[in-house]
Structures are given as C-alpha cells and as structure tokens.
Amino acid sequence: MLVILNTDAVVPRDELIASLIRIQYERNDYEFKRGKIRVRGDVVEIFPSYSEQAVRLELNQDRIFRISIIDPVSAKIINRTEQIAIYPAKHFIASGERIISAIGSIKEELAVQLKILRQKNKLLEAQRLESRTNYDLDMLKEIGYCHGIENYSRHLNGTPAGSRPWSMIDYFRGDFLTIIDESHATVPQIRGMYAGDRARKETLVEYGFRLPSCLDNRPLKFDEFSRLVKQVVFVSATPDEYELNLSANKVTEQIIRPTGLIDPEIIVKPTQGQIEDLILQIKERAKNNQRVLVTTLTKRMSEDLANYLAEQGIKVKYLHSEIQTIQRSVILKELREKKFDCLVGINLLREGLDLPEVSLVAILDADKEGFLRSSTALIQVGGRAARNLDGTVIMYADTITRSMKEAIDESRRRRLKQIEFNRQHKITPRSIDKAIKKGIEDSGQIEEFVQELTGEPTEQYQLHKYITELEYEMELAARNLQFEKAALLRDRIKELRNAISH
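Sequential numbering from 85 applies to the sequence shown in our numbering.
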C-alpha cells in the first residue's frame with residue numbers, strides 16, 4: 085500500500101490525487117500539514133505524515149517532469165529526485181478487496197450482537213450500536229477508513245476470534261535480545277496491560293459503543309509476550325521474585341558507583357517525638373545547604389504534615405499524584421534551587437528522581453507493612469539519598485518488620501562491598517555535581533506573555549481556555565455520535581459563557 089512516483093511517468097492529475105486519497109491523504113489547499121495534499125494547477129504538493137519535508141510534483145500534460153523535496157513552510161526547494169515512494173498517511177489501512185470482505189463479516193457480527201442486546205431489552209444500546217456501526221461501514225465503503233478502524237482489525241486481518249495480535253516484536257527474526265529496564269515496574273505493567281484494556285472495552289461493548297470484535301484489538305497477554313521473547317536482560321535495582329527465579333544463577337550486580345558514593349546509612353528511631361526530631365533534622369540539613377525528603381502513607385498525611393512543618397517555620401512543599409506532571413517538575417526544580425528545604429510525598433519519591441542535594445530521607449510509619457513499606461519500596465525510597473556524600477535514611481518505627489530488616493540487611497551488605505572497593509582502589513567518595521537545567525515547566529512564562537497580549541485577567545483567560553477545550557470535546561463527541569455527551573458539554577459551555585458575561 086504505497087505510491088511510487090517517477091519522473092517522466094504518465095499519470096493523469098486526477099488519477100494521481102485519487103491514488104493518494106486511497107492511502108488516506110486528505111486534500112486541503114489552504115492548511116498544508118502532515119497527511120495533507122495541496123493542488124495548484126499542475127503542481128501537486130504532498131506532506132507525508134512521517135516526514136518533516138514535503139514533496140512537490142510538477143506535471144505537464146499528465147506527465148511528471150519534476151520531483152522536488154521542499155520545505156513545507158517556506159516552500160524552498162531542498163533537493164530534486166528522480167523517484168520517490170509515498171507511504172500511507174495512517175497506520176491502519178487495507179486494500180479494497182480486504183475492506184469489502186471485512187464489511188460483510190462486520191455486518192454479520194452486527195446482526196448477532198443486535199439480537200443479543202434486544203433480547204436483553206437494551207434498546208438504547210442496540211440503536212446506538214447500529215447507528216455507529218453503519219456509519220463506520222459507510223465510511224469504510226466510501227473512503228476505506230473510519231475513526232476507530234483499529235477496532236475492526238480482526239475483520240480486516242481475517243484472523244479468528246481470540247487470536248494473538250501482531251506486535252513490533254514480530255518484526256524481529258532469529259535470536260534477538262530484549263532488555264527490560266526498571267523491570268520491577270515494567271514487568272507488572274506488561275502483565276496488567278491486557279486486563280486493563282479488556283475491562284475498558286467490555287464496558288464499550290456492554291453499552292453499545294463497539295462490537296465484541298473490538299476486544300481482539302488488544303495488547304499481548306503476558307504468556308504471549310513471554311513466548312515471543314527468548315533472551316531477556318532484566319535491569320532493576322530491586323528485582324522481584326519473577327526476575328530472580330528466571331535468572332537463576334545468572335544475576336550480575338552493579339553496586340559500585342563511579343563517584344565512589346556508598347549507599348546511605350539507615351537509622352531506626354522510635355515514633356514517639358518523631359515530628360520534633362524530624363524538624364531538628366531538617367533545620368540541621370538546611371544549615372548545610374542540603375535538602376530533605378519525607379515520605380508518608382497517604383495524601384492527607386502529606387498535606388497535614390507539610391502544613392504543620394510550615395507553621396513551625398520550615399520551608400516545605402508536598403508532592404502527590406493529584407499535582408499535575410509539569411507542576412511536579414517545577415516543585416522538584418525549586419527544591420534543588422533551595423527555594424524550600426523539605427519535600428513531603430508518598431509514592432512519587434521512588435525511582436527516577438535524581439536529587440544530589442538531598443542528604444536525608446525520612447520514612448514515617450516505616451513499620452506499617454504494605455505496598456508502600458515493602459522491602460523493595462524502602463530500598464528505592466532510601467536510594468534517593470545515595471547521590472549525596474552525607475546521605476542518611478531515618479526510619480521512624482516502633483518495631484522492626486520483616487521488610488525493614490530485609491532493606492537494612494541489603495543496605496548493609498551493599499555498603500560493606502562499596503567501602504571495601506573504595507579502600508582497595510583508594511577512591512574518595514564525592515557528591516554528584518549536577519547542573520540545574522531549564523525544563524518544559526518554564527513554558528509558564530509563555531503563558532504569562534500571552535495573557536499580557538490578551539489584556540485579560542488570569543482567571544478569565546483560563547476560563548476562555550477551558551471553554552475552548554470543552555468546545556473541542558463537544559465537537560469530537562458529536563463526530564463520534566456521542567450525542568448525550570455532546571449535549572451535556574454544550575450546556576456546560578453555556579453556563580461558563582453566562583458566568584463570563586456577568
């Protein structure tokens with residue numbers, strides 16, 4: 085499914101345009117962007133969806149006499165070529181014969197599903213499914229594509245129900261190597277992908293939004309993934325039992341750091357008077373231009389603790405999942421810049437945070453066994469202090485749980501190896517010196533500039549932005565025949581507009 089073009093090839097202009105439309109390019113003579121074609125007389129310009137450059141075809145009496153690669157913005161010619169292949173604009177595309185065959189099998193499945201829904205007296209769901217599916221079939225018949233075409237992949241591929249889907253792994257041949265980074269987190273994600281996808285789509289089927297065949301457009305099941313990959317390297321600071329059992333005696337440790345830094349010392353302190361002790365620890369670190377991370381068990385606890393510390397004169401902020409991603413980056417950057425000294429959080433203070441300024445990690449309620457206080461979680465959280473020469477972990481607990489003991493023993497084992505290696509090689513540990521770079525969070529300055537140009541108050545500007553987003557969602561819902569949702573969004577937009585006018 086591609087179009088190969090050569091200079092001197094005889095191709096009528098309309099036939100050329102039709103061939104490009106068949107591979108899902110759209111004609112738009114005004115807005116030239118990826119996946120579009122633009123026609124001006126005998127000049128046809130194509131902007132491939134996979135390229136940063138566009139293609140200009142110049143025709144003379146139905147013959148291509150020049151092919152140029154151009155800049156899509158300035159239209160400047162970059163170079164010329166004698167031949168070019170134009171690949172489809174969309175990933176999901178099929179030949180005409182296959183689409184005709186698929187339409188027949190989709191109609192058969194639709195008839196069966198409508199009968200089931202009507203027998204259950206789900207008349208609204210049946211009407212919704214019939215109208216949506218017939219609309220999709222009309223689109224497939226006319227232009228060979230419809231929104232959500234991937235949900236009909238079983239019919240388009242001609243595969244039986246329940247068969248394994250194709251994936252990128254199928255492109256690999258022979259004895260290839262698979263590396264799974266952060267495997268303690270990645271493996272459970274692979275394991276859970278199928279169940280999560282199926283739960284969502286079963287709801288769509290139940291309420292008449294999709295045919296049951298949409299369930300076959302799915303991720304790999306974990307056992308299917310396991311059969312496809314042969315040689316696997318699991319990379320993890322805290323491997324789970326699954327990885328360790330598969331690896332047997334083929335486990336390689338990497339616990340020596342180039343900087344000579346050793347794992348932080350773990351200290352256990354009683355919970356009585358823990359907050360007072362924590363305040364003293366934070367103030368001591370702040371004097372030395374160092375930072376502190378504190379982990380709690382719940383969002384409410386993190387907010388309450390942050391508020392209490394602030395009342396005691398500590399410069400503090402809290403971090404949890406309700407805070408947007410970009411705002412989290414801003415908070416972490418401000419911590420490094422010493423705009424505050426202590427960050428309180430829950431499960432976000434695990435792998436992936438590189439904060440060399442943090443010299444203390446305080447773990448509250450360390451003896452409460454559970455997901456957030458497992459040996460793996462304790463090791464990962466404590467590791468946030470491993471970038472600093474004075475790194476220390478304080479566990480506030482009244483008893484030593486099994487998870488705590490495992491984490492303490494593992495830390496002690498690593499420390500002994502690291503200290504001995506440094507002694508043998510005469511290495512002096514030193515803290516990591518990492519520059520604080522600007523990130524995407526600085527785009528907030530652009531927003532401030534736009535607000536200055538609009539001359540609107542911040543609240544009103546944000547409200548206009550929200551209305552624009554709702555209008556887009558309303559139009560999308562209407563295009564997808566979700567008229568109930570579109571009507572609710574329309575009413576909400578009216579309310580907001582009335583609020584602005586008053």
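Built from N, CA and C at the ideal position, the CB exists for glycine as well.
Residues near S487 by beta carbon distance below 7 Å, same chain, minus five either side
Taken in chain order, the residues that qualify are E453, R457, S458, S459, L462.
Could you spell out where the beta strand (DSSP E) holding Y255 opens and where it closes?
It is not in any beta strand (DSSP E) - Y255 carries neither H nor E in the DSSP assignment.
Any idea which residues DSSP pairs N90 with across the strands?
Answer is Q167.
Out of D259, K417, P172, Q137, which has the shortest C-alpha to C-alpha gap to I520?
The shortest Cα separation from I520 among D259, K417, P172, Q137 belongs to K417.
Under 8 Å, do L240 and R164 count as touching if we go by C-beta distance?
Contact annotation: L240 and R164 have beta-carbon atoms that are not nearer than 8 Å.
Spatial neighbours of I161 within its chain, please: C-beta separation below 7 Å, excluding the five flanking residues on both sides.
Cβ neighbours of I161 within its own chain (closer than 7 Å, five residues either side excluded): S152, I154.
Would DSSP call D265 helix, strand or coil?
The answer is strand: DSSP assigns D265 an E or B state.
So, does the segment 178–197 touch the segment 90–105, judging by three or more C-beta pairs under 8 Å?
These segments do not touch.
For N506, which option in S386, L345, E142, D449 has the closest C-alpha, if you only look at C-alpha atoms?
Checking every option, the nearest Cα to that of N506 belongs to L345.
Nearest candidate by alpha-carbon position, reference F293, set K569, S331, R576, R581:
Cα-wise, what sits closest to F293 is K569.
Closest by C-alpha distance to G397, when choosing among D425, K120, I148:
The shortest Cα separation from G397 among D425, K120, I148 belongs to D425.
Residue nearest to I484 in terms of C-alpha spacing, selected from E325, I274, V127, K353:
Answer by Cα proximity: K353.
In whole angstroms, give me the CA-to-CA distance for L554 and K578.
Straight across, the Cα-Cα distance linking L554 with K578 is about 11 Å.
Taking the C-alpha atoms as reference points, what is the distance between I351 and S495?
If you take the alpha carbons of I351 and S495, they lie about 11 Å apart.
Using DSSP's beta-bridge definition, name the partner residues of M479.
Residue pairing by DSSP places M479 opposite V352, I447 in a beta bridge.
Report, in whole angstroms, the separation of the C-beta atoms of E327 and F318, which I expect to be a contact under 8 Å.
The C-beta distance from E327 to F318 rounds to 4 Å, short enough to fall under 8 Å.
Below 8 Å between beta carbons: does that hold for L86 and A138?
No, these two residues do not count as a Cβ contact at 8 Å.
For H231, count the other beta carbons within 10 Å of its own beta carbon; 16 or more makes it buried, fewer makes it exposed. Which is it?
So H231 counts as exposed.
Would you decide whether A481 is buried or exposed? Buried here means 16 or more other CB atoms lie within 10 Å of its CB.
Within a 10 Å sphere around the beta-carbon of A481 sit 16 or more other beta-carbons, which makes this residue buried.
Are L547 and M558 touching if we call contact CB-CB under 8 Å?
Not in contact: L547 and M558 (Cβ atoms no closer than 8 Å).
By DSSP, does K334 sit in helix, in strand, or in coil?
Residue state, collapsed to three classes: coil.
How big is the Cα-Cα spacing for I177 and S251?
Taking the straight line from one Cα to the other gives about 16 Å.
In chain order, what residues of the same chain have a beta carbon less than 6 Å from the beta carbon of L201, not counting five sequence neighbours either side?
Excluding positions up to five away in sequence, the list reads E209, A210.
Taking only three categories from DSSP, how would you classify C230?
Looking at C230 - three-state DSSP - the assignment turns out to be coil, as it is neither helix nor strand.
What's the C-alpha gap between I227 and I274?
Their Cα atoms are separated by approximately 35 Å.
Opposing strand residues paired with S152 [DSSP bridges]
Per DSSP, the beta bridge partners of S152 are R140, R164.
Consult DSSP for V313 and reduce its assignment to one of helix, strand or coil.
For V313, the three-state secondary structure derived from DSSP is coil.
Hey, would you say I363 sits closer than 8 Å to L393, going by beta carbons?
Contact: yes.
When DSSP labels each residue in this structure, what does L572 get in the three-state scheme?
Reduced to three states, the DSSP call for L572 is helix.
With H, G and I counted as helix, E and B as strand and the rest as coil, what does DSSP make of T379?
DSSP places T379 in strand when its eight states are reduced to three.
Look at the Cβ atom of E214, then the Cβ atom of L224, and state whether they are nearer than 8 Å.
Cβ atoms of E214 and L224: not closer than 8 Å.
Name the residue from F567, Y556, Y550, A561 whose alpha carbon lies nearest to the alpha carbon of A583.
With distances taken between Cα atoms, A583 lies closest to Y550.
So the candidates are D451, R420, V428; which of them puts its Cα closest to the Cα of E441?
For the residues D451, R420, V428, the minimum Cα distance to E441 belongs to R420.
Counting Cβ pairs closer than 8 Å, one from the segment 297–306 and one from the segment 270–288, do we hit at least three?
The segment 297–306 vs the segment 270–288: in contact.
Between V123 and R111, how many whole angstroms is the CB-CB distance? I'm expecting something under 8 Å.
The distance from the Cβ of V123 to that of R111 is about 7 Å, consistent with a contact at the 8 Å cut-off.
To the nearest angstrom, how far is the alpha carbon of S179 from that of A269?
Cα to Cα, S179 sits roughly 40 Å from A269.
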